[in-house]
Amino acid sequence: MADKTWVLTYDGLADGKRAYGQESLLTLGNGYIGWRGAPIFAKFDDAHYPGLYVAGVFNQTQTKVADRDVVNEDMVNMPNPQLFNFYLAGQQVEFNQETIVKRQVSLDFATGILHETVTLALPAGQLTVDWEKYVDPVNYHRFALSVNVMADFDTELRIESLIDGSILNQNVERYRAFDSKEYDVTAIEGDLLLAKTRSNQLDLVVGAKTYGPTGEFSNQNATGTEVQMATMELPLKANQPSRFTKVMAIATSLELAAPKEQVLADLASSAEAIRQASVDYWQAVWQDADIVLDSDDPDMQKMIRMNIFHIRQAAQHKANRDLDVSVGSRGLTGEGYRGHIFWDELFVVPYYAANDPETARDLLQYRVRRLNAAKANAQIDDEQGAMYPWQSGQYGDEQAQYIHLNTVNNEWEPDNSRRQRHISLAIAYNMWIYTQLTNDKTFMNDGGLAVLLETSKFWLNKAELGTDGRYHIAGVMGPDEYHEAYPGAKEGGITDNAYTNIMVAWSLRWLLEIAEDSALDFAKLAAEHDFDQALLDKAKLVADKLALVIDDNGVVAQYAGYFDLKEVDFAAYTEKYGDIHRIDRLLKAEGLSPDDYQVAKQADFLMAIYNLGAKQVATLIEQLGYDLPADWLAINKDYYQARTVHGSTTSRPVFAGIDVTLNEKQEALEYLTTAIGSDFYDIQGGTTAEGVHIGVMGETLEVIQNEFGGVTLRDGRIEIEPNLPQTWRYLKFTQFFRGVRLRIEIKPDTVTVMADKALTVTILGQAVQLLPNQVTEITRGEK
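Count along the sequence shown starting at 1, add 185, and that's the number in this note's numbering.
This is how it looks when you write it as structure tokens:
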């Protein structure tokens, strides 16, 4: 393709985490499956990690560590159906650093097709193998590949087409010490491999049919093996390619009563039909999904499209309407964080709400369906209402561990991350932003309001009235995971975390607003959930009197006692270690604790500003009875900027958005540029190997559309007030608002908008009545 901004390309061979990271970025998916971009000849080794994941399919294993049984719930790496072995004149072809002399792989975002070519130098001459891979987004159980094999010499070719059922979960190096066998192969029947997950006994059915120049491959299955195999032998003439296709399908008893029948039906498809389904789907998606940018940085356009591509294949309505799943922090691209669902939903559900609202609703159902699990989780900790877990998997119970491995000193340490109770606030926020952008009141009546009522109960029980007349929330953690407890404390948790308290105040005010909405069945649902007038009264008190700590300069403390912590000599640590983005591990390896220091993984007070905007955060703080100086935003940004090491990829977009508000657009652009390439450049030193970071992908698109693009879709209004950097000449994208599609084009001094329905919007400060399908252009400064 001439336009390289549509294609992700790698040349040459990679090894180790760099190779694993490439395969994460080359993943194909459709919301149901995630198919890592490993070569078709590869098994697990230091250079390659084949992975095939099905959304929502987890398994629990148990491993004894330091005299305690550690239970892990893992997203299952399924049997590998893409594997081929190649033989020439009876000798197996080895694909490795010594034999491969040329390799190129490209992923076309416009079509969803992955193409890879390798050329090998063999004693008899050169062999070239190239293949395409593609998934069907509509008939989402099926996927396929086509292979061309050509040698520059005459020989006899034998191909073994395999479904490898001996797969273990081994993507994440530090997890390999745990039991990684997730399923047992139960049978091989013709074109099918049947298996069961070991703990929850889910049926897994994987099938493959392979075709060559002389027809269908012949099955060669052996009794008792974990590998299904079909073969073909034929002469290979010099410089004449032979083409093979492989149609694959996977289904499980998690989503289907008869997964075997589904796979058999899908295997009747042709590879060509599956390929065309991918092309048709992505061409339709890009009609509305594309963000077009003309700037001095051509890589920015490619990164934008790569991020959109990964978000849109992590979930999509044609699959997710049938599934009971959400988007994990690594999507379906790797086994980082064991595939669990965290608060990263906060960074992608708003994107879906504005760009693919049906999918946003699908994902919210995952939390609605796990309300009872969240209530049970609260009871375990003697809490009230619903306490959603920090890490959620198949069932919605807490999957966060009590210990974790410090990779600097290779020692096990306590893990208090489950105290990040703010996950419930992320869920409330996602419901709010969805209803803001869609005006879908049915969602709240059909489960959303129940979630809000029960999570509100939790916070109202946590909030305790102090002798100062204010309510305090203790025993929690904020998004800055470098602070788990107070210095020297035996118990984890901190008090009056600014992010948590601000978001609680916001959430309770939304609840009170909903109570007055006649379109919702508030009284009925409140009664069903034992949410009486006394709780409503307390909600008003807590929303008005939650405690914050603010110094004389207007800096909002990350939590009570934060200002008493010691300062860090960041320059010294940088000189000693170079990369200090995981300074928490460096401190612990030195026998110190990040709990003792003013250092932030991400500035979690500023995260509230990312969610709600500076104006609303200032209003909430004032409603709590605190005064802020006029320049509070700049003061707080500078304070936390000096203490933040960006240990999370989600950190920099927060600063970028604030910088846009402060009109520091060059610094904002620098933050955006680093963040949007987080996975492409693997800025965290190898973590992309474990899967892409789906949260930062959603965040960076928000910065582009809502901060630089200046599009605000809230409170029933649309405002467009662009803030383009100096090096951006043109920005174009589509947004959806309450059933209206808006096509927006932005130049430095003009905004052009077309809506498919009549709508009133505010553009560059002017109220404008848009007529259906008519272009309206507003120039800055003109009346």
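Quick reminder that beta carbons are idealized off the backbone N, C-alpha and C, glycines included.
| Asked | Found |
| --- | --- |
| ILE373 versus ASN385 - alpha carbon distance | 21 Å |
| Those residues which DSSP pairs with GLY214 across a bridge | GLY219 |
| Helix, strand or coil at GLN621 according to DSSP, with G and I counted as helix | helix |
| Environment of PRO264 [buried if 16+ CB atoms lie within 10 Å] | buried |
| Neighbour-count burial assignment, MET882, 16 or more Cβ in a 10 Å radius | buried |
| DSSP beta-bridge partners of PRO264 | None; PRO264 has no bridge partner. |
| Under 8 Å between C-beta atoms of TYR915 and ASP481 | no |
| Beta carbon of THR410 nearer than 8 Å to that of SER331 | no |
| Secondary structure of GLN355, DSSP reduced to three states | coil |
| Segment limits, alpha helix (DSSP H) that includes GLN447 | 444 to 451 |
| Spatially closest choice to THR371 from SER365, ALA380 and PHE363, by CA coordinates | ALA380 |
| Cross-strand partners of GLU341 (DSSP beta bridge) | PRO420 |
| MET186, DSSP secondary structure in three states | In this prediction, MET186 scores a pLDDT of 45, lower than 50, which makes its location untrustworthy; no coordinate-derived value is stated. |
| Cβ pair ILE612, THR640 closer than 8 Å | yes |
| Cβ shell of ALA704 (< 6 Å), same chain only, five flanking positions each side left out | LYS626 |
| Three-state secondary structure assigned by DSSP to SER602 | helix |
| Closest by C-alpha distance to GLN425, when choosing among GLY521, THR652 and ALA336 | ALA336 |
| Counterpart residues of MET414 in DSSP-defined beta bridges | LEU347 |
| Cβ-based burial, LEU353 [other Cβ within 10 Å; buried from 16] | exposed |
| Within 8 Å, strictly: CB atoms of LEU610 and VAL689 | yes |
| Contact between the region 505 to 513 and the region 313 to 322 (3+ Cβ pairs under 8 Å) | no |
| Buried or exposed (CB count within 10 angstroms, at least 16 for buried), MET186 | Here MET186 scores only 45 on pLDDT, less than 50, and its place in the model is too uncertain to base an answer on. |
| VAL740, DSSP secondary structure in three states | coil |
| Straight-line Cα distance separating TYR360 from ASP749 | 37 Å |
| At least three beta-carbon pairs within less than 8 Å, the region 705 to 717 to the region 792 to 803 | no |
| Continuous alpha helix (DSSP H) assignments of at least 4 residues falling wholly in the region 814 to 840 | 817 to 826 |
| Distance between TRP528 and ALA442 (C-alpha atoms, nearest Å) | 31 Å |
| Close-in-space but distant-in-sequence residues of the same chain around GLN584 (CB under 6 Å, 5 per side omitted) | GLU258, HIS525, GLN576 and GLY578 |
| VAL727 and TYR811 closer than 8 Å at C-beta | no |
| THR371 - DSSP class collapsed to helix/strand/coil | strand |
| Residue range of the beta strand (DSSP E) that includes ALA434 | 427 to 437 |
| ILE344 vs VAL412 beta-carbon contact at 8 Å | no |
| Segment contact, 8 Å Cβ cut-off, at least three pairs: the region 865 to 885 with the region 489 to 502 | yes |
| Distance CB(LEU949)-CB(GLU906) smaller than 8 Å | yes |
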